[in-house]
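Peer 1: Chains P and A, in that order, give the protein sequences.
Under the numbering used here, the first residue of the first sequence carries the number 333, and numbering increases by one thereafter.
Under the numbering used here, the first residue of the second sequence carries the number 1007, and numbering increases by one thereafter.
Please read through the structure below; I'll follow up with questions.
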Amino acid sequence: MNAMPEAIASDAAVFSPAGDVVIDCNLSKVFYGDFLAVRNSSVPIEKGKITGFIGPSGCGKSTVLRSLNRMNDLIPIFRFEGHVKYHGQDIYGKKVDPVVVRRYIGMVFQQPNPFSMSIYDNVAFGLRLNRFKGDMDERVQRALERAAIWKEVKDKLKNSGLSLSGGQQQRLCIARAIATEPDVLLMDEPCSALDPIATRQIEELMLELKESYTVALVTHNMQQATRVADTTAFFGVDISQGGRTGYLVEMGVTRQIFEDPQEELTKQYVAGEFS
Amino acid sequence: MASNHFQNNASASTLSGPPSTGDYITDSVFRAVALTCASLLILLLAYILWEIGGKALPAFKEQGLGFITGTTWNVNEGQFGVLPEIWGTLYSSLLALIIGGIFGVTIAIFLTQDFLGNRFAAVFRTIVELLAAIPSVVFGLWGIYVLIPLLRPAADWLHEHLGFIPLFGTELSGPGLAPAALVLAIMILPTVAAISVDAFRRIPYKVKEAAFGMGTTRWEAILKVMLPTASSGLLAALVLGFGRALGETMALAMLIGNNNQISLSLFAPADTLASLLASNFPEAGAVEVQALMYAAMVLLVITFVVNVIGLAVQQYTMRKFEGKK
């Protein structure tokens, strides 16, 4: 891939979605220590839609996603310039507790990571954490049903979550994340460890989820973005400064990104000329 | 010589070939050596059991199971019973396990869950492990000259004001259960801490990520996610610590008071099987040696049973929490 001149990247028109913006994310620079990981990325997440992040490896799409619920705070050398606002409030504000941010903005990870406890306790984990007082059984069942795994586990809710297969574990993690009905769900390549059948089920789930939540989805798979994302953000890698710095190349309605890309780099990527 | 069936149908330019005869011989030799080492270990264990069992047999025939339920140890009348020693062994080890276990696991949490910088954690860990290098007899002396005088004011106060609780039912006699159990706790601390640290270190980063991703605070992540995840490793740490406490001899012989009685009181003197063996062997006659051998067998059986139970509990938690068969 050729390095893109900075001028072109900066010229990319800032995308402004038609509907309400839930997360207004504008990262002008993201550093890990001295390493500039991401620059010039303004990614508004629209309410009730699926926003897909695509791009080659190392383009910073996961980094951007993880700064939306302050997961990057776990890395001590992380710092950034810019702002991330959730319903207009700066989530990196001095008085904001990252724990609270993560309760409203849930996350599903690339590798399935259920806890070492029963399937039931995994799903009930967030409910108990948030001191949910209502009908726990019903909530757990509902979350498992929506994650398309209820039928497979309903007779063994007491078994360990780790006894399931990889695809089942990932759906369990999704059930765990949606049990508390978070406002926004961030999904970091949730299907990369799954077989095609499980992937299809998860994609159907995402389409169903956007009826009530907002979803941001990082995917390595362009077809997945075309299948589920309403809006797509394409990230590229800039190697001109010596390091590998990711940046937003183009963002728009998914159909436009894939059928009528404005940037040469996007055109090449969606045509499959590099990945 | 190894045959090579593929020699003729491989393409002419391939560099692949079969292992040499020497490679196969090395394989067999290595296998034989490993098997010998493993079986020698088992043979050694069997031999020890055989020897001790053989020497204990006369006493076993003489005393029968009354040896285990008897409470007197009188060489002149040929009366031997180790119930007080069994009680003292289990009681002191259990107390040590509770104290050492709580401290050991807490230290492990402290060392692994980002409370200290990496360098400080390494230094702290080394210090804890250095505790394991202190000879048992030094612990015994420290207990006599430092710990017992230190305990006395607290023990007197507890006996005076809370004496109605059986735990504080007697005055501190000097050597006794409390100093012995405290020293035992310090002695098993490095074992428990080191193995617990490994148990916490083995937790993959993605588990921590999952916990924080759910919006846990730091303590919620540790208590509700990290502890259950590490539970089988923590159990292993506790079982090993308990085993070590059961068999510890020198410090206990110096600190426990070597008194043949059963008491709930922490301040009363007591005795353990290992300490009984160490104290009585030097002057024992033929009949008493047989009885001591019997006592050694009892200690072996207790240790064995404790380990089997520990293993079973560990398997159970692995099945329950980690879904392993």
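Cβ atoms here follow ideal geometry from the backbone N, Cα and C, with glycine treated the same way.
Can you give, in chain order, each stretch of the alpha helix (DSSP H) that sits fully within the segment 1235-1288 of chain A and has at least 4 residues?
Peer 2: Runs of the alpha helix (DSSP H) inside the segment 1235-1288 of chain A: 1256-1261 and 1279-1286.
Peer 1: Chain P partners of T1222 of chain A, CB-CB under 8 Å?
Peer 2: Residues of chain P passing the Cβ test: V431 and L461.
Peer 1: Once the 5 residues before and after T586 of chain P are set aside, which same chain residues still bring their CB inside 8 Å of it?
Peer 2: Hits under 8 Å: G384, A557, T558, A561, D562, T563 and T564.
Peer 1: In chain order, what residues of the same chain have a beta carbon less than 6 Å from the beta carbon of L1258 of chain A, not counting five sequence neighbours either side?
Peer 2: The answer, listed in chain order, is A1186, T1278 and S1281.
Peer 1: Strictly under 8 Å for the Cβ-Cβ distance: is A1216 of chain A near chain P by that measure?
Peer 2: Yes, A1216 of chain A counts as interfacial toward chain P.
Peer 1: Kindly indicate which residue of P:W482, P:E582 and P:G575 has the alpha-carbon position closest to the one of D369 of chain P.
Peer 2: The sequence shown places Ala at residue 369 of chain P, not Asp. Checking every option, the nearest Cα to that of A369 of chain P belongs to P:G575.
Peer 1: Pull up the distance between the alpha-carbon of M554 of chain P and that of A511 of chain P, whole angstroms please.
Peer 2: For M554 of chain P and A511 of chain P, the distance between alpha carbons rounds to 28 Å.
Peer 1: Distance check for L504 of chain P and A479 of chain P, CA to CA, integer angstroms please.
Peer 2: A479 of chain P and L504 of chain P: Cα-Cα distance of roughly 7 Å.
Peer 1: Given a cut-off of 8 Å, decide if L597 of chain P and G578 of chain P are closer than it, judged by their beta-carbon atoms.
Peer 2: No, the pair does not count as a contact, with Cβ atoms beyond the cut-off.
Peer 1: Would you call F517 of chain P buried or exposed, if buried means 16 or more other Cβ atoms sit within 10 Å of its Cβ?
Peer 2: One point to set straight first is that residue 517 of chain P is Leu, not Phe, in the sequence displayed. It is buried - the Cβ of L517 of chain P has at least 16 other Cβ atoms within 10 Å.
Peer 1: Below 8 Å on the Cβ atoms is my guess for G1146 of chain A versus M1260 of chain A; work out the distance and round it to an integer in Å.
Peer 2: Correct: roughly 3 Å between the Cβ atoms.
Peer 1: Taking Cβ-Cβ distances shorter than 9 Å, what residues in chain P pair up with T1235 of chain A?
Peer 2: Within 9 Å Cβ-Cβ: F447, S448 and M449.
Peer 1: Going along chain A in order, which residues have a C-beta closer than 8 Å to the C-beta of N491 of chain P?
Peer 2: Those within 8 Å of N491 of chain P in chain A are G1329.
Peer 1: Determine the extent of the alpha helix (DSSP H) in which L1050 of chain A is found, giving its start and end residues.
Peer 2: From DSSP, the alpha helix (DSSP H) with L1050 of chain A extends over T1027 to Q1069.
Peer 1: Where does N372 of chain P fall in DSSP's three states?
Peer 2: Strand, per DSSP.
Peer 1: Does K1326 of chain A come within less than 8 Å of chain P when only Cβ atoms are used?
Peer 2: Yes, contact with chain P.
Peer 1: State yes or no: is the beta carbon of G1123 of chain A nearer than 8 Å to at least one beta carbon in chain P?
Peer 2: Judged by the 8 Å Cβ criterion, G1123 of chain A is not in contact with chain P.
Peer 1: Once the 5 residues before and after M1232 of chain A are set aside, which same chain residues still bring their CB inside 8 Å of it?
Peer 2: Excluding sequence neighbours, M1232 of chain A sits near I1115, Q1119, F1206, I1209, V1213, K1214 and A1217.
Peer 1: If you measure between the beta carbons of S399 of chain P and M449 of chain P, is that distance less than 8 Å?
Peer 2: No, the Cβ-Cβ distance between S399 of chain P and M449 of chain P is not below 8 Å.
Peer 1: V550 of chain P and M538 of chain P - do their beta-carbons sit closer together than 8 Å?
Peer 2: Cβ atoms of M538 of chain P and V550 of chain P: not closer than 8 Å.
Peer 1: Going by the beta-carbon positions, is the gap between C357 of chain P and V375 of chain P smaller than 8 Å?
Peer 2: Cβ distance < 8 Å, so C357 of chain P and V375 of chain P count as in contact.
Peer 1: Would you mind giving the Cβ-Cβ distance between N1015 of chain A and P1024 of chain A, rounded to the nearest angstrom? I have them listed as a contact below 8 Å.
Peer 2: About 14 Å; that fails the 8 Å criterion.
Peer 1: Taking C-beta pairs closer than 8 Å, name the residues in chain A that R478 of chain P reaches, listed in chain order.
Peer 2: Correct list: empty, because the minimum Cβ distance to chain A is about 17 Å.
Peer 1: Taking C-beta to C-beta, are S1202 of chain A and A1243 of chain A nearer than 8 Å?
Peer 2: Yes.
Peer 1: My guess is that S1099 of chain A and F1248 of chain A are in contact by the Cβ rule of under 8 Å, so how many angstroms apart are they, rounded?
Peer 2: Right, the Cβ-Cβ distance comes to about 6 Å (below 8 Å), so this counts as a contact.
Peer 1: Let's test the definition: count the other Cβ atoms within 10 Å of the Cβ of L1101 of chain A and tell me whether it reaches 16, buried, or not, exposed.
Peer 2: L1101 of chain A comes out buried.
Peer 1: Specify the secondary structure class of V472 of chain P as computed by DSSP and reduced to three states.
Peer 2: Helix at V472 of chain P.
Peer 1: Around the Cβ of A335 of chain P, are there at least 16 other Cβ atoms within 10 angstroms (buried) or fewer (exposed)?
Peer 2: Bear in mind that the predicted position of A335 of chain P carries a pLDDT of just 45, short of 50, making it unreliable; the figure below should be weighed with that in mind. Exposed: under 16 other Cβ atoms inside 10 Å.
Peer 1: Helix or strand or just coil, what does DSSP make of P1159 of chain A?
Peer 2: Reduced to three states, the DSSP call for P1159 of chain A is helix.
Peer 1: Drop a sphere of 10 angstroms on the beta-carbon of M1007 of chain A, count the other beta-carbons inside from all chains shown, and report buried for 16 or more, exposed for fewer.
Peer 2: Since pLDDT at M1007 of chain A reaches only 49, below the 50 mark, its modelled position is unreliable, and the value read off the structure follows with that caveat. It counts as exposed.
Peer 1: Could you tell me whether any Cβ in chain P is nearer than 8 Å to the Cβ of E1226 of chain A?
Peer 2: Yes, its Cβ sits closer than 8 Å to a Cβ of chain P.
Peer 1: Would you identify the three-state DSSP class for E614 of chain P, choosing helix, strand or coil?
Peer 2: Lying before the first or after the last residue shown, residue 614 of chain P is absent from chain P, which here runs from 333 to 607.
Peer 1: Cβ of L1190 of chain A within 8 Å of Cβ of A1138 of chain A?
Peer 2: No, they are not a contact pair.
Peer 1: Are any of the Cβ atoms in chain P nearer than 8 Å to that of K1212 of chain A?
Peer 2: K1212 of chain A counts as touching chain P.
Peer 1: Are the C-beta of E338 of chain P and some C-beta of chain A separated by less than 8 Å?
Peer 2: Only weak support exists for where E338 of chain P lies, its pLDDT of 44 falling under 50; the value from the coordinates is given anyway. It does not; no Cβ of chain A falls within 8 Å.
Peer 1: Hey, I377 of chain P and I355 of chain P are a contact pair by Cβ (cut 8 Å); roughly how many whole angstroms apart?
Peer 2: The Cβ separation is near 4 Å, so the contact holds.
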